[in-house]
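In our numbering, the protein residues as written are 6 to 139. Backbone N, C-alpha and C define an ideal beta-carbon position, used for all residues, glycine too. Okay, structure first, notes after.
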Amino acid sequence: MDFIHDHENVFLWLTLGSFIGFIASILLIPWIVTKIPSDYFTHPKRQKYLWCNQPKIVRFVFILLKNILGVIFIIGGISMLLLPGQGILTILIGLIIMDFPYKYKVEIWIIKHPFVLRTMNKLRSKVKQPPLVV
């Protein structure tokens, strides 16, 4: 009990962070899922980046920021497996955002699970988006 009383501020900030993360996942994850093109998982060749014509330093900074954001989503998704939230979808969104070797194979492995695909397509149907094609 002394530990809790000594660290009340830490617990307050952790609670506040968890609450903000929960609300953000409720709002952001469905929006991101609806923005994924329906044929995203069927392209044999990945699309070129919009920033591929930019200088190397701009591309590096952009990819670094994307990967940091993706890691944040993945860590949040892993924590949501134990806490309230959409854990698996958050992990998938983090993977889609990031750039790393064999990324596409990991995405396909996750999206081929019937529960994940059904949940994503249900979210997409609510906003009149075509279902994802795997």
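Three-state secondary structure assigned by DSSP to Asn72: Note: Asn72 maps to helix in three-state DSSP.
Arg64 versus Asp11 - alpha carbon distance: So the alpha carbons of these two residues sit roughly 45 angstroms apart.
Backbone CA spacing between Pro106 and Pro60 [nearest angstrom]: Straight-line Cα distance between these residues: approximately 22 angstroms.
Backbone secondary structure at Asp44 - three-state DSSP: Asp44 falls in the coil class under three-state DSSP.
Contact between the segment 27-39 and the segment 74-93 (3+ Cβ pairs under 8 angstroms): As far as the Cβ criterion goes, the segment 27-39 touches the segment 74-93, which means the pair count is three or higher.
Selected residue, minimal CA-CA separation from Lys40, among Val138, Gln134 and Val139: The candidate whose alpha carbon is nearest that of Lys40 is Gln134.
Phe46 beta carbon less than 8 angstroms from that of Val139: Against a cut-off of 8 angstroms, the Cβ pair of Phe46 and Val139 comes out as a contact.
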